[in-house]
């Protein structure tokens, strides 16, 4: 492929067919994007915290509080630990939201109504096509049929309705099919050789607790009830007491920050369009081209960079690594089944990816993208499902108490 074909305004739907070829195409495309804190190397970044008592960052390897051990590893050019900056599910959600710019143009628009935010795009729904809010909604029949067809080997119906559910995966664990679609795009952001920081702060209350006898008495009662536990003290919770605070202060990264993305072409080739149990070759080819275009669009970096959370704004690292003359912030590599690796050149540019998505969508949705589908959430249907679940649990308990084997999962009718 020439550089010209990547950037021209018109791009044919078969532009990347060599990559999709079942006999000669690679198993995957691996994308490595080197990142750094926006404020520069050595400045703290804030990883996500995960549940626990107390909550903490997720890391593997050496404890990041053991600075000496980590710094020794840095000096020896080895990896002592690895800290998650953005998990695989979180990256999937961000990439799917990144695709909303194409919703209604190259991706079918599906809107869930009657929920917390009044209306919600399917691209923002947590469990995608298998989400409880979706299957509890009216007008879900088409999607149910798509899920049923998928477990029978036909991905076409589901791709016409909810293509991103195939790109980022779903699991109908609570539904009638039990079907699962693996992620075709898997991405995460992590940092190597991190040192953990702590923070301390002091809050000064704006009022004098001695301002009145009534307030002083109320605060004394709250303190006594909390048994001197500041977290349980109602006065502290409301901000009427001075309060020192301490906690996590982020990490300093002494190694690399990397966004690692894998586009599974093997997984893509496992999807096909079928009729009467037989594969339909032309429809399968169009299906794979379109989903691959979505994979490319999802994997591209947002122009806004990676603003993951407060204290964790990442941008591309353009300084060369040790021993390199030039710094390449992003590398795309074709990885074959026999272990061979080749550079993926030219790297798909934003304009080329958009043109390719436009061409494949036009071919796949001929004569045109379907009209917006609206699915009103049905609270009564949801309540009925909750009661069925409770009844199933009560039945299982009764069966176990009677000494019989535990009943299996009751699926939704």
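Numbering (our numbering), first residue to last: 60 to 472. Beta carbons are placed, not taken as given, at the ideal position from N, Cα and C, and that holds for glycine.
Spatial distance of residue i from residue j (CA atoms)
i	j	result
residue 140	residue 108	17 angstroms
residue 106	residue 144	5 angstroms
residue 355	residue 398	22 angstroms
residue 315	residue 159	30 angstroms
residue 472	residue 444	Because residue 472 carries a pLDDT of 35, less than 50, the predicted location of this residue cannot be relied on, and no value is offered for it.
residue 88	residue 259	44 angstroms
residue 236	residue 200	13 angstroms
residue 92	residue 214	31 angstroms
residue 76	residue 344	9 angstroms
residue 421	residue 341	15 angstroms
residue 285	residue 306	21 angstroms
residue 138	residue 390	21 angstroms
residue 424	residue 438	33 angstroms
residue 450	residue 111	32 angstroms
residue 379	residue 387	7 angstroms
residue 90	residue 303	44 angstroms
residue 280	residue 197	52 angstroms
residue 203	residue 336	19 angstroms
residue 102	residue 256	11 angstroms
residue 250	residue 113	22 angstroms
residue 442	residue 263	47 angstroms
residue 99	residue 149	24 angstroms
residue 174	residue 431	17 angstroms
residue 233	residue 239	11 angstroms
Under 8 angstroms between C-beta atoms of residue i and residue j
i	j	result
residue 187	residue 326	no
residue 220	residue 208	no
residue 222	residue 429	no
residue 247	residue 319	yes
residue 415	residue 334	no
residue 190	residue 156	no
residue 172	residue 402	no
residue 338	residue 95	no
residue 121	residue 134	no
residue 178	residue 162	no
residue 85	residue 393	yes
residue 129	residue 313	yes
residue 440	residue 195	yes
residue 79	residue 411	no
Buried or exposed by the 16-neighbour rule on C-beta atoms within 10 Å, applied to residue i
i	result
residue 127	exposed
residue 484	There is no way to answer for residue 484, as the model of the chain reaches only from 60 to 472.
residue 419	buried
residue 395	exposed
residue 116	buried
residue 176	exposed
residue 266	exposed
residue 365	buried
residue 74	buried
residue 270	exposed
residue 427	exposed
Integer Cβ distance of residue i from residue j, believed to fall under 8 angstroms
i	j	result
residue 310	residue 97	Actually they do not touch by this definition, with Cβ atoms about 15 angstroms apart.
residue 212	residue 331	7 angstroms
residue 154	residue 357	4 angstroms
residue 348	residue 328	With a Cβ gap of about 12 angstroms, residue 348 and residue 328 do not count as contacting.
residue 231	residue 206	6 angstroms
residue 226	residue 244	6 angstroms
residue 123	residue 297	Not really, about 35 angstroms apart at Cβ, beyond 8 angstroms.
residue 165	residue 371	About 30 angstroms; that fails the 8 angstroms criterion.
Selected residue, minimal CA-CA separation from residue i, among the options
i	options	result
residue 300	306, 287, 307, 308	287
residue 369	302, 308, 169	308
residue 276	265, 293, 261	293
residue 229	261, 270, 185	185
residue 147	449, 317, 442	317
residue 142	411, 151, 150, 118	118
residue 261	273, 90, 295, 238	295
residue 72	413, 431, 442	413
residue 151	264, 224, 290	224
Any non-hydrogen atom of the ligand FAD closer than 7 angstroms to residue i Cβ
i	result
residue 229	Ligands are entirely absent from the displayed structure, and the ligand FAD is therefore not among its contents.
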